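Numbering (our numbering), first residue to last: 2 to 261.
Glycine residues also receive a C-beta, built at the ideal position from the N, C-alpha and C atoms.
In this text, all values refer to a predicted model and were calculated from it rather than measured experimentally.
Written out below as structure tokens is the structure these notes cover.
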């Protein structure tokens, strides 16, 4: 059964929920070029970048809800119905492997998916401030990189156990918002003094551009950066990282900074 949710509405609810959960201890802010530009006028983003902090990349997934006994993973005996399934972008796309590369401890990277599929359930979770508690957070590193171009999916019923397929691999361990917060805290302690500095942001931008260029070159496809349509008034390493993340990784970039 196809989900009634959109990635935009679900992603908005997740980001807002993280913002509520982490204030005043932490501040999570999405990186949008217009907001960065506006922030420079009153010091909003400049102040944020002066605090210890890290970048967080979230790719929101809206999974299918499988209910029939002839669903592929049910027939293979991996999971009993009902369960959820989302696809990884591996067919001719650098998305997944780039997210695995970014998931190196100095950034926090997650696939984020709901444990529901109806609009009424999203409304209920939003009203009750349960969006994070009713979501699963999966590290790309735990799935690992793929060198083939087969179709790969992730299936789950709850947050306790999930499977990465085409070759079924069971993954156990925490996949909740508490595990995300613990990793954010650890990353800020270890990397927070340098992760948002110009040197690190320039290096990260270069790393992403190099990986994308290699991918497209291997397929004899053009990759031009910066694109001619990207307004120079928004240009800077942070804005470029957010643009590349959204355009090529379908991931939102958040600044997660230690609060006052």
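Bridge partners for residue i per DSSP, in chain order?
i: residue 129; result: Bridge partners of residue 129: none, in fact.
i: residue 10; result: Answer by DSSP bridge pairing: none, since residue 10 is not bridged.
i: residue 88; result: 154
i: residue 58; result: 110, 254
i: residue 30; result: 256
i: residue 65; result: 86
Residue i and residue j: beta carbons closer than 8 Å?
i: residue 61; j: residue 32; result: no
i: residue 86; j: residue 65; result: yes
i: residue 243; j: residue 193; result: no
i: residue 209; j: residue 55; result: no
i: residue 118; j: residue 4; result: yes
i: residue 140; j: residue 104; result: yes
i: residue 177; j: residue 138; result: yes
i: residue 173; j: residue 84; result: no
i: residue 101; j: residue 161; result: no
i: residue 6; j: residue 123; result: yes
i: residue 144; j: residue 154; result: no
i: residue 29; j: residue 181; result: no
i: residue 63; j: residue 125; result: no
i: residue 79; j: residue 164; result: yes
i: residue 58; j: residue 246; result: yes
Using three-state DSSP, classify residue i as helix, strand or coil.
i: residue 115; result: strand
i: residue 3; result: coil
i: residue 123; result: helix
i: residue 205; result: helix
i: residue 96; result: helix
i: residue 224; result: coil
i: residue 36; result: Because the pLDDT of residue 36 is 44, which lies under 50, any placement of that residue in the model is unreliable, and the question is left without a value.
i: residue 243; result: helix
i: residue 238; result: helix
i: residue 78; result: coil
i: residue 249; result: helix
i: residue 195; result: coil
i: residue 214; result: helix
i: residue 200; result: helix
i: residue 44; result: With a pLDDT of 44 at residue 44, under the threshold of 50, the predicted position of this residue should be treated as unreliable, though the coordinate-derived value follows. Coil at residue 44, not helix or strand.
i: residue 18; result: helix
i: residue 219; result: helix
i: residue 70; result: coil
Does residue i have its Cβ less than 8 Å from a Cβ in chain D?
i: residue 161; result: Reference to chain D is not applicable here, since this structure consists of a single protein chain.
Taking three-plus beta-carbon pairs below 8 Å as touching, is the region 88 to 103 in contact with the region 142 to 158? yes
Runs of beta strand (DSSP E) lying entirely within the region 131 to 187, each at least 3 residues, in chain order: 136 to 139, 153 to 157, 162 to 166, 170 to 173
Should the region 247 to 254 be regarded as contacting the region 98 to 112, the criterion being three or more beta carbon pairs within less than 8 Å? yes
Taking three-plus beta-carbon pairs below 8 Å as touching, is the region 125 to 138 in contact with the region 200 to 214? no
Can at least three beta-carbon pairs, one atom from the region 195 to 203 and one from the region 63 to 74, be found at a separation below 8 Å? no
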